[in-house]
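Q: One structure, as structure tokens, below. Some questions next.
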Amino acid sequence: EAQVTQNPRYLITVTGKKLTVTCSQNMNHEYMSWYRQDPGLGLRQIYYSMNVEVTDKGDVPEGYKVSRKEKRNFPLILESPSPNQTSLYFCASSPWIFTEAFFGQGTRLTVV
Amino acid sequence: DQQVKQNSPSLSVQEGRISILNCDYTNSMFDYFLWYKKYPAEGPTFLISISSIKDKNEDGRFTVFLNKSAKHLSLHIVPSQPGDSAVYFCAARGSGNTPLVFGKGTRLSVIA
Chain A
3 EAQVTQNPRY LITVTGKKLT VTCSQNMNHE YMSWYRQDPG LGLRQIYYSM
53 NVEVTDKGDV PEGYKVSRKE KRNFPLILES PSPNQTSLYF CASSPWIFTE
103 AFFGQGTRLT VV
Chain B
24 DQQVKQNSPS LSVQEGRISI LNCDYTNSMF DYFLWYKKYP AEGPTFLISI
74 SSIKDKNEDG RFTVFLNKSA KHLSLHIVPS QPGDSAVYFC AARGSGNTPL
124 VFGKGTRLSV IA
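First to last, the protein sequences are chains A and B. Last residue of the first sequence: number 114 in the numbering used here, and the count goes up by one each step with no gaps. Last residue of the second sequence: number 135 in the numbering used here, and the count goes up by one each step with no gaps.
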């Protein structure tokens with residue numbers, strides 16, 4: 003089954019404790035991206051990657067890192083999480099930047 | 024500066040009637056527009072798209088209309104069904120390596 007898989011689905015952590023949210027897609031898509039969804043703000047892009055080893059900032063990259071060492075994986079790294087990063091995070095992939103994106107099921111992160 | 028605006032946070036429609044969800048954009052470089060549907064606890068799923076060279080695209084009960092001069096698009100759902108109750112996101116992108124820009128979403132409730 004074609005899918006984008008995020009882990010974990012739910013995470014509660016403390017301020018400053020590094021964490022990684024994994025994202026994997028099995029569709030051989032070139033393009034992957036991370037979004038956060040906040041009430042009243044919709045979906046905002048954090049980072050995107052057009053191919054292996056090619057990443058770029060989206061609208062709200064501060065406090066986040068990403069890497070794209072393999073085509074299928076695009077982890078989101080929070081080196082020192084803060085409470086304002088409490089949000090619902092979505093990973094997405096698409097065959098190319100110009101086509102519709104497939105989203106993962108989301109990761110609800112709470113930073114206390 | 025919000026480039027994609029969905030000014031109605033919510034909409035209620037009776038089952039069987041038409042649902043019209045609206046979206047305005049400010050960036051004249053946008054040339055591809057998409058609608059996504061999102062159920063609670065799930066990631067957004069692609070619904071329908073339209074290129075700027077068209078003014079209408081239809082897929083079953085879903086039709087998207089694009090008015091480039093007004094920088095406005097709308098999603099029509101006819102007839103509306105209770106299973107259509109979800110949050111609908113409008114998204115847009117320009118040419119080149121530009122990422123998708125999402126609106127804040129409109130929550131549609133279809134009442135039986």
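Note that the Cβ used here is the ideal one computed from N, Cα and C, for glycine as well.
1) Please name the residues in the region 21 to 39 of chain A whose beta-carbon is closer than 7 Å to at least one beta-carbon of chain B, in chain order.
2) Could you run through the region 96 to 116 of chain B and flag, in chain order, every residue whose CB is less than 7 Å away from some CB of chain A?
3) Scan the region 63 to 78 of chain B for residues whose Cβ lies nearer than 8 Å to a Cβ of chain A and list them as they occur along the chain.
4) Can you tell me the Cα-Cα spacing of residue 7 of chain B and residue 124 of chain B, whole angstroms?
5) Which same chain residues end up closer than 7 Å to residue 32 of chain A when comparing Cβ atoms and leaving out the 5 residues on each side of it in sequence?
6) Can you tell me whether residue 109 of chain A is buried or exposed, with buried defined as 16 or more other CB within 10 angstroms of its CB?
7) With C-beta atoms as the reference, is residue 6 of chain A less than 9 Å away from residue 39 of chain A?
8) If you reduce the DSSP assignment to three classes, tell me which class residue 106 of chain B lands in.
9) Going by beta carbon distance, what residues of the same chain come within less than 6 Å of residue 60 of chain A, once the five residues before and after it are set aside?
10) Which whole-angstrom value is the C-beta distance of residue 118 of chain B and residue 78 of chain B, which I expect to be below 8 Å?
11) Determine the chain A residues that contact residue 127 of chain B at a beta-carbon separation under 8 Å, and present them in chain order.
12) In three-state DSSP terms, what is residue 86 of chain A?
A: According to the structure data:
1) 35
2) Answer set for the region 96 to 116 of chain B: 112.
3) 64, 65, 66, 67, 68, 69, 72
4) A question about residue 7 of chain B goes unanswered here, because the residues of chain B that appear run from 24 up to 135.
5) Within the first sequence, residue 32 of chain A is the residue found at index 30, counting from 1. So the list reads 52, 53, 97, 98, once near-sequence residues are dropped.
6) Translated into the one-based positions of the first sequence, residue 109 of chain A becomes position 107. Per the 10 Å Cβ criterion, buried.
7) For the purposes of this step, residue 6 of chain A is taken as the residue at position 4 of the first sequence. For the purposes of this step, residue 39 of chain A is taken as the residue at position 37 of the first sequence. Not a contact, by the Cβ cut-off of 9 Å.
8) What you label residue 106 of chain B is simply residue 83 of the second sequence in a count that begins at 1. Secondary structure of residue 106 of chain B (DSSP, three-state): helix.
9) Reading the first sequence from its first residue, position 58 is the one you call residue 60 of chain A. 47, 48, 49, 50, listed in sequence order.
10) If you number the second sequence from 1, residue 118 of chain B lands on position 95. If you number the second sequence from 1, residue 78 of chain B lands on position 55. Not really, about 19 Å apart at Cβ, beyond 8 Å.
11) For the purposes of this step, residue 127 of chain B is identified with residue 104 of the second sequence, where counting begins at 1. Within 8 Å Cβ-Cβ: 42, 43, 44.
12) To locate residue 86 of chain A, count along the first sequence from 1; it is residue 84. Reduced to three states, the DSSP call for residue 86 of chain A is helix.
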